[in-house]
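In the working numbering, the protein residues as written are 0 to 259.
The beta carbon of each residue, even a glycine, is placed where N, CA and C say it ideally should be.
Structure first, then comments.
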Ligand code: NDP
Ligand code: 8X3
């Protein structure tokens, strides 16, 4: 097992959902955490709870991953105490709307492409060179079943997650010969704020996505992320594809009722 105690873990999108759950999972393993998201006010209670429950050393950073300059400046500003990032969890991401590819607005197109693809690459570009220099580290990308299958209304989002899958595969080759690891955890339906964001705050519409079914929880995903990170250093988990039992393919979801 790779001992995660005192390792420095940088998690993007830690203010909600899967990223927030990853913070608790790594905190439970004794890691030190750099937590980033745009909404500082949503990071603060996460930090407070981590400190109360695990006495975790945390650095909360308000960061928009689409801002390349801000990403590089943030990473440069990490002092000796925080600079040697051991694990990068590239989690920040979103779907916006359910339009056809040809009707997707420029706002939605940019929002998805800039965050899910370029934001992930900005973070990778800012942090991986240090890992290469130290000849250790681990990048864990949060992909999706949308990186393998396309569904109606999801063309652009799925394209971004297909890109994440390609980046995950290519980054491992880019790092060939180093001891830096690269993994992708690719979940299906997970109940988070994902659909609330997709439907621009329409809670009723978002709730319907998870109605009468038993989706994955963000903690389920975080457990897999932690498992990847905790493998012995010579083991690289390339990818994990995971879905709720109630989901058998992108749009094949059993809605016969919620189990307790
Ligand atoms: P949430 O909406 O609950 O969380 C998304 C997180 O990303 C938030 O913390 C948000 O913080 C952050 N974020 C969004 N944009 C930016 C940005 N520009 N810069 C920095 N942080 C940003 O959704 P999930 O937890 O579900 O999503 C996390 C990842 O999991 C995404 O990559 C998503 O594609 C993927 N995924 C989700 C699935 C699902 O069904 N929920 C299934 C498969 C994959 P803030 O708004 O404060 O910046
Ligand atoms: C997020 C889940 O169902 O939109 O990746 O592909 S889904």
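If you count every other CB in all the chains shown that lies within 10 Å of the CB of residue i, and 16 or more means buried, which is it?
| i | result |
| --- | --- |
| residue 246 | buried |
| residue 212 | buried |
| residue 139 | buried |
| residue 151 | exposed |
| residue 190 | buried |
| residue 5 | exposed |
| residue 44 | exposed |
| residue 72 | exposed |
Determine the extent of the alpha helix (DSSP H) in which residue i is found, giving its start and end residues.
| i | result |
| --- | --- |
| residue 279 | Summary: the structure shown does not reach residue 279, with the chain confined to residues 0 through 259, and so no result is reported for it. |
| residue 126 | 119-133 |
| residue 73 | 67-76 |
| residue 42 | 39-53 |
Considering just the uninterrupted stretch of the beta strand (DSSP E) at residue i, what are its terminal residues?
| i | result |
| --- | --- |
| residue 59 | 57-61 |
| residue 35 | 31-36 |
| residue 178 | Unbroken run through residue 178: none, as it is neither H nor E. |
| residue 137 | 136-141 |
Determine the contact status of residue i and residue j, defining contact as a CB-CB distance below 8 angstroms.
| i | j | result |
| --- | --- | --- |
| residue 17 | residue 221 | yes |
| residue 32 | residue 10 | yes |
| residue 110 | residue 95 | yes |
| residue 52 | residue 14 | no |
| residue 179 | residue 167 | no |
| residue 160 | residue 146 | yes |
| residue 3 | residue 28 | yes |
CB of residue i to nearest heavy atom of the ligand NDP: below 7 angstroms?
| i | result |
| --- | --- |
| residue 78 | no |
| residue 213 | no |
| residue 201 | no |
| residue 217 | yes |
| residue 63 | yes |
| residue 147 | no |
| residue 250 | no |
The ligand 8X3 and residue i: does any heavy atom of the ligand fall closer than 7 angstroms to the residue's C-beta?
| i | result |
| --- | --- |
| residue 16 | no |
| residue 156 | yes |
| residue 187 | yes |
| residue 153 | yes |
| residue 71 | no |
| residue 207 | no |
| residue 143 | yes |
Would you list the residues sitting across from residue i in a DSSP beta bridge?
| i | result |
| --- | --- |
| residue 186 | 241 |
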